[in-house]
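Position 25 of the sequence shown, counting from 1, maps to 25 under the UniProt record's numbering, and the rest follow consecutively. Here a beta-carbon is modelled for each residue, glycine too, at the ideal position from N, C-alpha and C. Predicted model, so just to flag it, every value in this text is computed and none were measured.
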Amino acid sequence: MKLKPFCHWYSMVRDPVEDSTGTAGVRGTQGFHEGEFYWEVIFTEPAFGTAVMVGVGTQKALLHTTNYQYINMLGMDDQSWGLSYKGTLWHKGTCRQYCKPFYENNTRIGVLLNLYAGTLTYFKNGVNLGVAFKDLHRVGEELYPLACSTAAETELELGVRSSRKLRLQDKCFSTILQHIGRNDNDIDILPLPLTMKHALKEDRHNACP
């Protein structure tokens, strides 16, 4: 497997040897512990084989197997969470169906890791597939982007990526709104400047369905 630098990340190119001898993975160079992070993995060629997966994991996550062990490596234990191109989610060695398989050229799989909410959500070609995993904010360790493949020739590239971290004021507003009633009068009686009260009301109204 060869690794190419890609703006503090890596694109993954599995060496085109005649036969694969196991499962190989790559890990992003930056771990995340707070914030919202989004990146896209582009399947430049149709996926095939036992597993081609994208997801997240801790530094302890397994990244390589030999002796012809072809496995869904992301999610085989409690250190990683993964989505297979076959549409299944894996964690702690168990799987469940999540979406339809994706075999097409240039399929873009977006990964949204929200460590405020503790959720991992996937997108396919810009379409939200729904929350895949919860409680990731309780892991207690940094989480890294991961990808793996069992196929002898696999090319994955990184596309769009972005991140967002809440300001201290946003965190304070969120905490306040969680601990007061749902009426604007509950905001009016708070010992805060008028501008902050207006901002709190705006945040609440924007959050309402």
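- Straight-line gap, ILE109 to THR21 (C-alpha atoms, nearest Å): 26 Å
- Could you please give me the residues that DSSP links to THR107 through a beta bridge? PHE43
- Message: Starting from LEU158, trace the beta strand (DSSP E) in both directions and tell me its first and last residue.
- Response: 155-164
- Message: Beta-carbon within less than 7 Å of THR66's beta-carbon, same chain only, minus the 5 sequence neighbours each way: which residues are those?
- Response: THR21 and GLY22
- Message: Is it buried or exposed, MET12, if we count other Cβ atoms within 10 angstroms and call 16 or more buried?
- Response: With a pLDDT of 48 at MET12, under the threshold of 50, the predicted position of this residue should be treated as unreliable, though the coordinate-derived value follows. By the neighbour-count rule (16 or more Cβ atoms within 10 Å), MET12 is buried.
- Can you tell me where the alpha helix (DSSP H) with ASN185 in it begins and where it stops? 184-188
- GLN169 versus HIS205 - alpha carbon distance: 17 Å
- Item | PRO101 burial status per 10 Å Cβ neighbour count (16 or more: buried) | exposed
- With 16 as the cutoff for other CB atoms within 10 Å, does ARG96 come out buried or exposed? exposed
- Query: Do you know offhand how far LEU166's Cα is from VAL131's?
  - Reply: 21 Å
- Start-end ranges of the beta strand (DSSP E) lying completely within the segment 59-101, minimum 3 residues: 80-84, 88-91 and 94-97
- Message: For the beta strand (DSSP E) containing THR150, name the first residue and the last one.
- Response: That residue, THR150, is in no beta strand (DSSP E); it is neither H nor E in DSSP.
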